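*Asks:* Got a structure for you, questions after.
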Amino acid sequence: MAFRWAITSAGKIAADFAHAVRQLEGHEVVAVAARSEAAARDFCARHARGAKAYGGYDAMFRCPRHGADACYVATRPDSHKHLCDRLIERRMPALCEKPLATTVADVEALYAAAHGSFLMEGVWTRCFPATVKARELLRSGAIGDVVGVQAEFGYDITHGCPDGVRGSQATGGMGRDIGVYLAEKALLAFDSSVYDLADARGVAVLGHGDGVDLTVAAAVRLVGKDGKRRGGVASLLWTGQCDTPEQCTVLGTSGSLRFTETHHTPRALEVTRRTSRTTSVTEVLDFPPPPDDGQHDWNYPGSIALQYEAASVARAVRNGESEAPEWTQADSLAAHRIVARVRDQCHTLSEDVAVEKPDF
Ligand SMILES: NC(=O)c1ccc[n+]([C@@H]2O[C@H](COP(=O)([O-])OP(=O)(O)OC[C@H]3O[C@@H](n4cnc5c(N)ncnc54)[C@H](OP(=O)(O)O)[C@@H]3O)[C@@H](O)[C@H]2O)c1
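FYI, the numbering for the sequence shown is -5 to 354, going by our numbering.
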């Protein structure tokens, strides 16, 4: 029997998810809720034929006939906490787009409330085969002990970005939008079950008129929870002011691992092992994306690969798990703590929050 999805919102990533799932064997979208019924109907006609349309998210949550196995929450970040709370009350498995919530306290509260009910933050990068392989290599010591990780990610938000990014200092900004993908890289290198955040510093360029973080350079230090592992550092940069190559390199005592491009939708890994002080062997591992029938103009690059995340959720829910192993609740909480610690330092400049219009 197919794994049945409900979707909240008729927005851009919701449309991409619907088309990724349409092309994934054994999955279907059975219900879509939007703030307006007309938008939900239009979405179903264009992206999820046969799904039932609901006017209002609560209308769908309350309806016992939607028949979904899990709900994909794809609304603006400032609504995630409320919607996930409603789903948890109903013990409905939830995959919620990043960021799960706009404060660390809300993220903690959600995971505490979920208490056995499936809840996953949609950090889809972790479900890509390239990331799964990278994690396996790092955990098995393929490049020795990890010393540090260096990564950047940015896109020019003047060419379009989710509504919430420009929202406000309290709920918007690039840290919440994509900082999580950089924190994810730090936690890929330094497993959140073994390492703790010891220190994080950040400097930022803020938007005039709203104070949201536009470009951030962060330095993070992680140490072993057992007090024995020395840990290491992460050098992370995120920006909404330009497109970036999206590269990430993890450095170890006997080699390195590099996501050659677009590390948030990774397709290739370069693993270098030192054979002597002056020589090394490099292996390139390719992970082609799933086939695409070309019937949808994707709103975001690489969205066909949302299939990996959908499959991961279905596996976990069917196994009766409350989280997926690729991006656990502990990983998610650790990432939010890193981003929040950095953002908090960048948001103390009250003089940047003037009444003039945003300059981006
Ligand atoms: N995984 C990824 O690569 C990826 C890529 C892009 C975005 N995202 C995440 O996905 C989420 C949605 O992003 P998006 O690009 O799809 O944004 P979007 O097209 O602007 O859609 C956001 C939706 O939020 C809903 N919403 C709820 N309350 C709202 C309010 N007060 N004002 C405006 N909209 C409100 C609207 O749903 P209705 O249709 O019901 O009105 C709207 O369609 C964000 O959390 C974003 O970070 C993830």
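Just so it is clear, CB atoms sit at the ideal spot from N, CA and C, and this is done for glycine as well.
Remember, predicted model here, so these are calculated numbers, not experimental data.
1. Using alpha carbons as the reference points, say which of G20, G203, T256, A42 lies closest to H13.
2. Would a C-beta distance cut-off of 8 Å place P284 and T259 closer than the cut-off?
3. Taking just the CA atoms, how far does G246 sit from L216?
4. Closer than 8 Å by C-beta to E350: which residues in its own chain qualify, once you throw out the five before and the five after it? Chain order, please.
5. Have a look at I298 and R59 and give me their C-alpha separation to the nearest angstrom.
6. Give me the Cα-Cα distance between T165 and V159, rounded to the nearest whole angstrom.
7. Which of the three DSSP states is assigned to W118 in this structure?
8. If you compare alpha carbons, which of R85, A328, A212 is closest to A99?
9. What are the boundary residues of the alpha helix (DSSP H) that D10 is part of?
10. So is the beta-carbon of P71 under 7 Å away from any non-hydrogen atom of ligand 1?
11. Sorted by chain position, which residues of the same chain lie with C-beta nearer than 8 Å to A192's C-beta, five sequence neighbours on each side aside?
12. Could you say which of L113, C90, A45 lies nearest to A314 if we only look at CA atoms?
13. Note down the Cα distance separating S73 from G49, rounded to an integer number of angstroms.
14. Which runs of the beta strand (DSSP E), 3 residues or longer, sit entirely within the segment 188 to 228?
15. Tell me whether Q301 is buried or exposed, calling it buried when 16 or more other Cβ atoms sit within 10 Å of its Cβ.
16. Check this for me: beta carbons of A128 and L176, under 8 Å apart or not?
17. Where does L343 fall in DSSP's three states?
18. Write down the C-beta distance between V143 and C242 rounded to the nearest angstrom, noting that I regard them as a contact closer than 8 Å.
19. Going by the DSSP bridge assignment, what does W(-1) pair with across the sheet?
20. Quick check: does the Cβ of I151 come within less than 7 Å of any heavy atom belonging to ligand 1?
21. Please classify S297: does DSSP put it in a helix, a strand, or coil?
22. If I follow the unbroken alpha helix (DSSP H) through T125, where does it start and stop?
23. Beta carbon of I357: closer than 7 Å to some heavy atom of ligand 1?
24. Could you check if Y294 belongs to the surroundings of ligand 3, using beta carbon to heavy atom distance under 7 Å?
25. Can you tell me where the alpha helix (DSSP H) holding D100 begins and where it ends?
26. Leaving out the 5 sequence neighbours to the left and right, which residues in its chain are closer than 7 Å to E115 when beta-carbon positions are compared?
27. Might you give, ordered along the chain, the residues of its own chain that have their beta carbon closer than 7 Å to the beta carbon of K46, omitting 5 neighbours on each side?
*Replies:* The short version:
1. If you number the sequence shown from 1, residue 13 lands on position 19. Ranking the options by Cα distance to H13, first place goes to A42.
2. What you label residue 284 is simply residue 290 of the sequence shown in a count that begins at 1. What you label residue 259 is simply residue 265 of the sequence shown in a count that begins at 1. No, they are not a contact pair.
3. By 1-based counting over the sequence shown, the position of residue 216 is 222. By 1-based counting over the sequence shown, the position of residue 246 is 252. In a straight line, the C-alpha of L216 is about 15 Å away from that of G246.
4. In the sequence shown, counting from the first residue as 1, residue 350 sits at position 356. Its pLDDT being 46, under 50, E350 is placed unreliably in this model, and the value from its coordinates should be taken loosely. Only H202, G203 meet the Cβ criterion.
5. The residue labelled residue 298 in the question sits at position 304 within the sequence shown. The residue labelled residue 59 in the question sits at position 65 within the sequence shown. About 28 Å.
6. Reading the sequence shown from its first residue, position 171 is the one you call residue 165. Reading the sequence shown from its first residue, position 165 is the one you call residue 159. Using only the alpha carbons, I get a separation of about 8 Å.
7. Locating residue 118 in the sequence shown gives position 124, where the first residue counts as 1. In this structure, W118 counts as helix in the three-state DSSP scheme.
8. As a first step, residue 99 is located in the sequence shown; it is residue number 105 there, counting from the start. The residue from R85, A328, A212 with its alpha-carbon nearest to that of A99 is A328.
9. Taking the first residue of the sequence shown as 1, we reach residue 10 at position 16. That run of the alpha helix (DSSP H) goes 6 to 16.
10. The residue labelled residue 71 in the question sits at position 77 within the sequence shown. Taking the Cβ of P71 as the reference point, at least one heavy atom of ligand 1 falls within a distance shorter than 7 Å.
11. Sequence index remark: in the sequence shown, residue 192 carries index 198 (1-based). R215, L216, V217, G225, listed in sequence order.
12. Counted from its first residue, the sequence shown places residue 314 at position 320. The residue asked about is misnamed: residue 314 is Gly in this sequence, not Ala. Checked all of L113, C90, A45; the closest Cα to G314 is L113.
13. Taking the first residue of the sequence shown as 1, we reach residue 73 at position 79. Taking the first residue of the sequence shown as 1, we reach residue 49 at position 55. Each residue's Cα considered, the two are about 16 Å apart.
14. 189 to 200, 207 to 218
15. For the purposes of this step, residue 301 is identified with residue 307 of the sequence shown, where counting begins at 1. The residue in question, Q301, is buried, as its Cβ has 16 or more Cβ neighbours within 10 Å.
16. As a position in the sequence shown, residue 128 is number 134, starting the count at 1. As a position in the sequence shown, residue 176 is number 182, starting the count at 1. No, Cβ-Cβ distance for A128 and L176 is not below 8 Å.
17. Within the sequence shown, residue 343 is the residue found at index 349, counting from 1. Here the model assigns L343 a pLDDT of 47, short of 50, so the residue's position is not dependable, and the following value carries that caveat. Reduced to three states, the DSSP call for L343 is coil.
18. Taking the sequence shown and counting its residues from 1, the one referred to as residue 143 is at position 149. Taking the sequence shown and counting its residues from 1, the one referred to as residue 242 is at position 248. 7 Å between Cβ atoms; contact.
19. Mapped onto the sequence shown, residue -1 falls at position 5. Answer is V23, A64.
20. In the sequence shown, residue 151 corresponds to position 157, counting from 1. I151: no, Cβ never under 7 Å from ligand 1.
21. The count along the sequence shown starts at 1 and reaches residue 297 at position 303. Correct three-state label for S297: helix.
22. Taking the sequence shown and counting its residues from 1, one reaches residue 125 at position 131. Run containing T125: 123 to 133, per the alpha helix (DSSP H) assignment.
23. Because the chain here runs from -5 to 354, residue 357 falls outside it and cannot be looked at.
24. Questions concerning ligand 3 fall outside what the structure shown contains, since the ligands it does hold are ligand 1.
25. Walking along the sequence shown from the start, residue 100 turns up at place 106. From DSSP, the alpha helix (DSSP H) with D100 extends over 98 to 108.
26. In the sequence shown, the residue the question calls residue 115 occupies position 121. The answer, listed in chain order, is C90, K92, L94, W321, S326.
27. As a working mapping, residue 46 is identified with position 52 in the sequence shown. Within the same chain, K46 has close Cβ partners V24, A25, H60.
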